[in-house]
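Chains as they are written, first to last, in the working numbering: chain A, 3 to 113; chain B, 188 to 299.
We put the beta carbon where it would ideally sit given N, CA and C, even for glycine.
For clarity, every value in this text was computed on a predicted model and none was experimentally measured.
Structure first, commentary second.
Listed below in structure tokens is the structure:
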């Protein structure tokens with residue numbers, strides 16, 4: 003079965019730091035996604051990638067960038083972390099059925 | 188772009204009752220509609236999905252209905268149990284897109 007892992011379950015960073023969140027999958031899926039989840043706002047798409055070095059902005063890309071140098075790894079980068087980026091971050095892959103399968107999430111706190 | 192509205196935001200039922208969660212979507216080209224369940228502290232997990240060429244799909248105690256004309260779809264849970272308590276998200280996939288657009292979620296509480 004597919005495995006999607008994220009580098010940290012919990013992360014605490016200071017305002018202004020550069021933050022890297024990593025997502026790794028083990029099944030050669032082309033499409034990978036980064037969401038943030040906030041209470042009452044659901045899951046909002048930040049960026050997605052449809053192949054190596056290919057990326058597309060989602061609904062809330064401001065303040066974020068991404069990197070996909072290898073097919074199995076999709077990184078989310080917060081260039082200069084701010085307190086309003088405190089959130090749960092979820093990575094997902096897309097199966098051929100259309101289903102998106104999620105990683106366990108990273109709860110990021112920016113102080 | 189696609190917009191998905193989900194109602195209600197919270198739902199409380201007695202064990203054994205039925206629960207219904209409704210979603211509407213805006214893009215008539217959307218063709219895939221999954222439902223996810225997220226238990227506290229866990230990742231969202233797919234529980235059932237439906238495609239635009241089907242009107243209804245059942246899996247044991249859960250079912251999903253789709254009305255393409257009205258652009259809405261619903262999740263039905265019968266004989267609810269305390270372990271059904273969770274946040275449920277609906278989503279729609281705009282036609283030809285790999286993306287999903289999610290509703291804001293419904294917190295379902297099943298009281299013993």
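One thing to note: residue 272(B) has its Cβ within 8 Å of the Cβ of residue 295(B). Here residue 216(B) is exposed, its C-beta having fewer than 16 other C-beta atoms within 10 Å. Bounds of the beta strand (DSSP E) holding residue 44(A) are 44-53. Taking 8 Å as the threshold, the shortest C-beta distance from residue 47(A) to chain B falls below it.
Among the residues facing chain B, residue 27(A) is not included, as its CB has no counterpart in that chain under 8 Å away. Along the region 219-236 of chain B, going in chain order, the ones with a CB nearer than 7 Å to a CB of chain A are 219, 221, 230, 231, 233 and 236.
Between residue 80(A) and residue 230(B), the gap from beta carbon to beta carbon reaches 8 Å or more. In this structure, the CA atom of residue 38(A) is about 7 Å from the CA atom of residue 48(A).
For residue 285(B), no beta strand (DSSP E) run applies, since DSSP gives it neither H nor E.
Between the C-alpha atoms of residue 213(B) and residue 278(B) there is a straight-line separation of about 12 Å. Below the 7 Å Cβ cutoff, chain A contributes 102 as neighbours of residue 287(B), in chain order. Rounded to the nearest whole angstrom, the C-alpha separation of residue 192(B) and residue 291(B) is 7 Å. When C-alpha distances from residue 70(A) are compared across 24(A), 44(A), 110(A) and 85(A), the shortest belongs to 24(A).
Straight across, the Cα-Cα distance linking residue 78(A) with residue 262(B) is about 33 Å. With its beta carbon at least 8 Å from every one in chain A, residue 205(B) lies outside the interface. Comparing C-alpha distances from residue 286(B) to each of 14(A), 52(A) and 65(A) shows the shortest one belongs to 52(A). Within chain A, the residues 42, 43 and 44 have their CB atoms less than 8 Å from the CB of residue 291(B), given in chain order. In the structure shown, residue 28(A) adopts coil according to DSSP, grouped into three states. Within the region 224-252 of chain B, the runs of beta strand (DSSP E) that reach at least 3 residues and sit entirely inside it are, in chain order, 232-238 and 243-246.
Look at the beta carbons and you see the region 224-238 of chain B not touching the region 195-215 of chain B: under three pairs across the two are nearer than 8 Å.
Counted as a single uninterrupted DSSP element, the beta strand (DSSP E) harbouring residue 40(A) occupies residues 34-40.
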